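Novice: This structure is in structure tokens; I'll ask about it shortly.
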Amino acid sequence: MKIMQEEAFGPILPIMKFSSDEEVVKLANDSKYGLGCAVFSGNQKRAIKIASQLHCGVAAINDFASSYMCQSLPFGGVKDSGFGRFAGVEGLRACCLVKAVVEDRWWPYVKTMIPKPIQYPVSENGFEFQELLVETLYGLSVWDRLRSLVNLLKMISEQNNSPANTRKKSR
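Numbering (UniProt numbering), first residue to last: 1 to 171.
Shown next as structure tokens:
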């Protein structure tokens, strides 16, 4: 139906038949808009399951307007209904310039150094270095972590003993 594909701001309540919950989710999501939805059902769990699958910014269960009354909730759409939020914490953040500031907080003469394999330009073994680093920190077992640490240390020592580094030191 054409009315199901247009954004109409007015007192319109289109109703369509459906044969399964999967079909109703597919029909509802088959729109370029996604501001809000209301799911009505005699079974609360079923309504929540359906609402959680709908691509929209606001979902109401067995109600259509209570979400507008709660000003602490973020309000906004998805798809062609817009992006961003107003109201709530998310709405306040939209009015702010969020900035991350990183600082080397170690002692004055001990500075954090980026390991050579991942310094720009990244070396050929940069990806392998990152894999080993992640495995060393988050490996599933102590043995995985230890094995990765040994391989990581080997890689660093090979990097430091490479001919390019030897030439730099002799100059």
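Every residue gets a Cβ at the ideal spot worked out from N, C-alpha and C, and that includes glycine. Since the structure is predicted, the reported quantities are computational estimates derived from the model, not experimental observations.
Would you call the stretch 20–37 and the stretch 51–59 touching, i.e. three or more CB-CB distances under 8 Å?
Specialist: The stretch 20–37, when compared against the stretch 51–59, does touch it at the 8 Å Cβ threshold.
Novice: List, from N- to C-terminal side, the alpha helix (DSSP H) runs of 4 residues or more that fit wholly inside the stretch 12–47.
Specialist: If we require 4 residues or more, the alpha helix (DSSP H) runs fully inside the stretch 12–47 come out as 21–29.
Novice: Assuming the contact rule is C-beta atoms closer than 8 Å, Leu-152 and Leu-140 should be a hit. Round their C-beta distance to whole Å, please.
Specialist: Not a contact, Cβ separation roughly 17 Å.
Novice: Please name the residue in Ile-118, Val-39 and Val-142 whose C-alpha comes closest to that of Glu-131.
Specialist: Cα-wise, what sits closest to Glu-131 is Ile-118.
Novice: What residue from Ser-20, Ala-60, Ser-72 and Asp-80 has the CA that sits closest to Glu-6's CA?
Specialist: Selected option, being the one with the closest Cα: Asp-80.
Novice: Give every residue of the same chain whose Cβ lies closer than 7 Å to the Cβ of Trp-106, excluding the five residues on either side of it in the sequence, and list them in chain order.
Specialist: Thr-112, listed in sequence order.
Novice: For Lys-79, name the three-state secondary structure that DSSP assigns.
Specialist: If DSSP states are grouped into helix, strand and coil, Lys-79 belongs with the strands.
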